[in-house]
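Residue numbers (this note's numbering), protein chains in the order written: chain A, 1 to 116; chain B, 1001 to 1119. Virtual Cβ for every residue (Gly too), placed ideally from N, Cα, C. Owing to the predicted nature of the structure, the values given are computational and were not obtained by experimental measurement.
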Amino acid sequence: AQKITQTQPGMFVQEKEAVTLDCTYDTSDQSYGLFWYKQPSSGEMIFLIYQGSYDEQNATEGRYSLNFQKARKSANLVISASQLGDSAMYFCAMTQFRRSARQLTFGSGTQLTVLP
Amino acid sequence: EAGVAQSPRYKIIEKRQSVAFWCNPISGHATLYWYQQILGQGPKLLIQFQNNGVVDDSQLPKDRFSAERLKGVDSTLKIQPAKLEDSAVYLCASSLAPGLTGGVTGELFFGEGSRLTVL
């Protein structure tokens, strides 16, 4: 069974600094995808970034980048130049195919607080 | 493009009562998911539909939870009778069928969720 581990329940970062949120995963599949979602206090899940297991380059989306280390089974999220609006819960998730359909499994999340 | 619609946003009931949540996915999305998110935890998959068929309901407490997706479009999740531990946010999500990328591969689009409080 696949598993996502986020070991940082809470993180603090100063505004305008960079922060790294850790994520490790466990799977026996060769083909899988890794996602990061942001969940503000309002509750909606906002997609941030995606990395496929066969992608050779690390994914980037604006201020978000994914540090993908396949051998170590880690997929850390790096947020550069933090903003106050980045304060939220962040979830790492992994998708794999089961019974011809895509399933997404989430980690327990990291609460990020950006300090002014 | 309209997003995933869910209702109601909030519901408060007493234990042993019943409740139903409704979800309308993004038009054209064949796959629909119901997740349960208990406060302080990550979302947990309850049930997954592909069109109007169930793909996986292995984590659905079938003695009290039921879900259907008639006509392969909108879906209803029901809890009867509710327990205190059912207090959570119920998230509905949808995605394109496998093999259709349409952008980011496998991205799930979430609704705003339905927050259930069981007293």
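Buried or exposed by the 16-neighbour rule on C-beta atoms within 10 Å, applied to residue i
i         : result
Ser82/A   : buried
Gly1099/B : Any reading at Gly1099/B is ruled out, since the residue's pLDDT is 49, under 50, leaving its predicted position unreliable.
Ser1058/B : exposed
Arg72/A   : exposed
Glu15/A   : exposed
Glu61/A   : exposed
Ala18/A   : exposed
Asp1063/B : exposed
Ser42/A   : exposed
Thr1101/B : Interpretation of Thr1101/B is limited by its pLDDT of 44, a score under 50 that renders its predicted location unreliable; the figure taken from the coordinates is listed afterwards. With fewer than 16 Cβ atoms within 10 Å of its Cβ, Thr1101/B is classed as exposed.
Arg1069/B : buried
Gly1103/B : Caution is warranted here: a pLDDT of 42 is assigned to Gly1103/B, below 50, making its placement in the model unreliable, and the coordinate value is therefore given only provisionally. With fewer than 16 other Cβ atoms within 10 Å, it is exposed.
Leu1116/B : buried
Ala1002/B : exposed
Tyr50/A   : buried
Asp29/A   : exposed
Gly1111/B : buried
Gly1113/B : buried
Ile46/A   : exposed
Ala1067/B : buried
Leu118/A  : Nothing in the structure corresponds to residue 118/A, since chain A is present only between 1 and 116.
Ile1038/B : exposed
Ile1012/B : exposed
Heavy atom of the ligand ZN within 7 Å of residue i beta-carbon
i       : result
Phe12/A : The ligand content of the structure shown is nil, which means the ligand ZN is not present either.
Of the residues the options, the one placed nearest residue i, counting alpha carbons only
i         : options                                       : result
Phe35/A   : Ala1030/B, Gln1037/B, Phe1109/B and Gln1048/B : Phe1109/B
Tyr37/A   : Val78/A, Tyr54/A, Thr27/A and Asp29/A         : Val78/A
Val1118/B : Trp1034/B, Trp1022/B and Ile1079/B            : Ile1079/B
Tyr25/A   : Leu115/A, Thr95/A and Ser65/A                 : Thr95/A
Pro1061/B : Val1073/B, Leu1045/B and Gln1017/B            : Leu1045/B
Met89/A   : Phe12/A, Ala1/A and Leu66/A                   : Phe12/A
Tyr64/A   : Thr27/A, Lys70/A and Asn76/A                  : Asn76/A
Ser136/A  : Thr27/A, Cys92/A, Leu66/A and Pro40/A         : Only positions 1 to 116 of chain A appear in the structure, and residue 136/A is not among them; the question remains open.
Tyr1027/B : Cys1092/B, Ala1093/B, Val1073/B and Ser1114/B : With the sequence shown as reference, residue 1027/B is identified as Ser, and Tyr is not the correct amino acid for it. Comparing Cα-Cα distances from Ser1027/B to each of Cys1092/B, Ala1093/B, Val1073/B and Ser1114/B, the minimum goes to Val1073/B.
Pro1135/B : Gly109/A, Phe68/A and Gly85/A                 : Nothing can be reported for residue 1135/B: it is not among the residues displayed for chain B, which extend from 1001 to 1119.
Thr1031/B : Glu1107/B, Arg1115/B and Leu1096/B            : Leu1096/B
Lys3/A    : Thr20/A, Gly33/A and Glu44/A                  : Gly33/A
Thr1076/B : Gly1040/B, Tyr1035/B, Gln1041/B and Glu1014/B : Tyr1035/B
Cys1092/B : Pro1081/B, Gly1040/B, Ala1020/B and Ile1013/B : Ala1020/B
Lys1015/B : Ser1114/B, Pro1081/B, Gln1041/B and Gln1037/B : Pro1081/B
Gly52/A   : Ile1047/B, Pro1025/B and Glu1107/B            : Glu1107/B
Asn1051/B : Ser1066/B, Tyr1033/B, Gln1037/B and Gln1006/B : Tyr1033/B
Tyr1090/B : Lys1071/B, Gln1017/B, Cys1023/B and Val1055/B : Cys1023/B
Gln1017/B : Phe1065/B, Lys1071/B and Val1055/B            : Phe1065/B
Tyr54/A   : Asp86/A, Phe68/A and Leu84/A                  : Phe68/A
Listed by chain order, chain D residues near residue i by CB distance under 9 Å
i         : result
Val1089/B : Protein chains A and B are contained in the structure displayed, whereas chain D is not.
Can you give me, in chain order, the residues of the segment 1056-1083 of chain B that have a beta carbon less than 9 Å from any beta carbon in chain A?
-> Of all residues in the segment 1056-1083 of chain B, Asp1056 have a Cβ within less than 9 Å of some Cβ in chain A.
contact_flag[the segment 103-111 of chain A, the segment 1079-1086 of chain B] where n(CB pairs < 8 Å) is 3 or more = no
Identify every run of the beta strand (DSSP E) within the segment 70-96 of chain A, keeping only runs that are complete inside it and at least 3 residues long; order them along the chain.
-> Listed in chain order, they are 74-79.
Anything in the segment 1021-1055 of chain B with a Cβ closer than 7 Å to a Cβ of chain A? List those residues in chain order, please.
-> Answer set for the segment 1021-1055 of chain B: Thr1031, Gln1041, Gly1042, Pro1043, Leu1045, Gln1048, Gln1050 and Val1055.
Inside the segment 1004-1071 of chain B only - beta strand (DSSP E) runs reaching at least 3 residues = Given a length threshold of 3 residues, each whole run of the beta strand (DSSP E) inside the segment 1004-1071 of chain B is given here in chain order: 1005-1007, 1010-1013, 1019-1024, 1031-1037, 1044-1050, 1053-1056 and 1065-1068.
Taking any Cβ of chain B, which residues in the segment 40-66 of chain A have a Cβ under 7 Å from it, in chain order?
-> Gly43, Glu44, Met45, Phe47, Tyr50 and Gly52
Scan the segment 22-79 of chain A and note each continuous beta strand (DSSP E) run of 3 residues or more that stays entirely inside, going in chain order.
-> 24-26, 33-39, 46-52, 64-69 and 74-79
At a Cβ cut of 8 Å, what residues of the segment 1107-1119 of chain B count as close to chain A, listed as they run along the chain?
-> Glu1107, Leu1108, Phe1109, Phe1110, Gly1111, Glu1112, Gly1113 and Arg1115
Which residues, taken in chain order from the segment 103-114 of chain A, show a beta carbon closer than 8 Å to some beta carbon of chain B?
-> Gln103, Leu104, Thr105, Phe106, Gly107, Ser108 and Gly109
Residues, ordered as in the chain, of the segment 10-21 of chain A that lie near chain B by beta-carbon distance below 8 Å | none
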